[in-house]
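In our numbering, the protein residues as written are 6 to 254.
Here is the structure we will look at.
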């Protein structure tokens, strides 16, 4: 009996998963990158926190020089100072940023029924608020004091809650956009808005004389650290679920 000719295998579909030899899945790469970023940001955050807590003289001197210079500018240029107050109190205020996050979480549930992602997003922002207030209470750094202040703020200085919240919200939303395949125009617009917001809120806090420069840097570092940890938490369950299948292969 003659063998029947074997039909050639169908060409791979674009929907088929890549073969095992093509490299790690995207979520594993994201988890590794998030872990490496969290480690680096954690080291930098702890180092700055220690320097602030022990009142390292070179850091205090640099903070003082920057604060004196920007305060003179703020007193002299009242129009720019007023613009900074509007931006920091309304546009980049932590409440505004949290409302933006809540709107994004609601959109995820309404349009995609992505309950886990929405809860993860809201939980990460809530955790950022707890971390911010806890570090403020632990360090207890006083804010700059001026005989002629142009603005006022409450609670301790380190880290800047405005800078931390803006970094967390913008960072998480950018990651979600990237992960969901945002178009080029939307992605570029979102990146530009995030960079302007995160950098701008830090500048306004120093300009208005309510934070030292290292407070803002601490907010940026801690915020970025929380973003990296949040991404790691999001990706880690998927990595663990697929680990047995990988070992069986």
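The beta carbon of each residue, even a glycine, is placed where N, CA and C say it ideally should be.
It should be emphasised that the depicted structure is a prediction, and the values quoted were computed from it without experimental measurement.
Just to confirm, are residue i and residue j a CB contact at a threshold of 8 Å?
i, j, result
"residue 129", "residue 177", "yes"
"residue 192", "residue 183", "yes"
"residue 109", "residue 132", "no"
"residue 97", "residue 173", "no"
"residue 233", "residue 46", "yes"
"residue 196", "residue 179", "yes"
"residue 39", "residue 231", "no"
"residue 227", "residue 136", "yes"
"residue 79", "residue 155", "yes"
"residue 42", "residue 102", "no"
Would you mind giving the Cβ-Cβ distance between residue i and residue j, rounded to the nearest angstrom? I have them listed as a contact below 8 Å.
i, j, result
"residue 212", "residue 75", "5 Å"
"residue 194", "residue 89", "So it is not a contact: roughly 24 Å between Cβ atoms."
Could you check what DSSP says for residue i in three-state terms: helix, strand or coil?
i, result
"residue 28", "Because the pLDDT of residue 28 is 48, which lies under 50, any placement of that residue in the model is unreliable, and the question is left without a value."
"residue 151", "coil"
"residue 99", "helix"
"residue 162", "coil"
"residue 47", "helix"
"residue 213", "coil"
"residue 127", "helix"
"residue 61", "coil"
"residue 81", "helix"
"residue 279", "Shown here, the chain extends from 6 to 254; a query on residue 279 therefore has no answer."
"residue 94", "helix"
"residue 188", "coil"
"residue 251", "Its pLDDT being 45, under 50, residue 251 is placed unreliably by the model, and nothing is read from it."
"residue 138", "helix"
"residue 219", "helix"
"residue 205", "helix"
"residue 70", "helix"
"residue 146", "coil"
"residue 168", "helix"
"residue 237", "helix"
Taking 8 Å as the cut-off, does the region 58–68 touch the region 184–204 (at least 3 CB pairs, one atom from each stretch)?
Contact between the region 184–204 and the region 58–68 is absent: fewer than 3 CB-CB pairs across the two stretches fall below 8 Å.
I'd like to know if the region 144–163 and the region 217–234 are in contact, where contact means that at least 3 CB-CB pairs between them fall below 8 Å.
The region 144–163 is in contact with the region 217–234.
Would you check if there are 3 or more beta carbon pairs closer than 8 Å linking the region 90–104 to the region 164–183?
With contact defined as three or more Cβ pairs closer than 8 Å, the region 90–104 and the region 164–183 are in contact.
Do three or more CB pairs link the region 109–116 to the region 133–142 at distances below 8 Å?
The region 109–116 makes no contact with the region 133–142; the number of CB pairs closer than 8 Å stays below 3.
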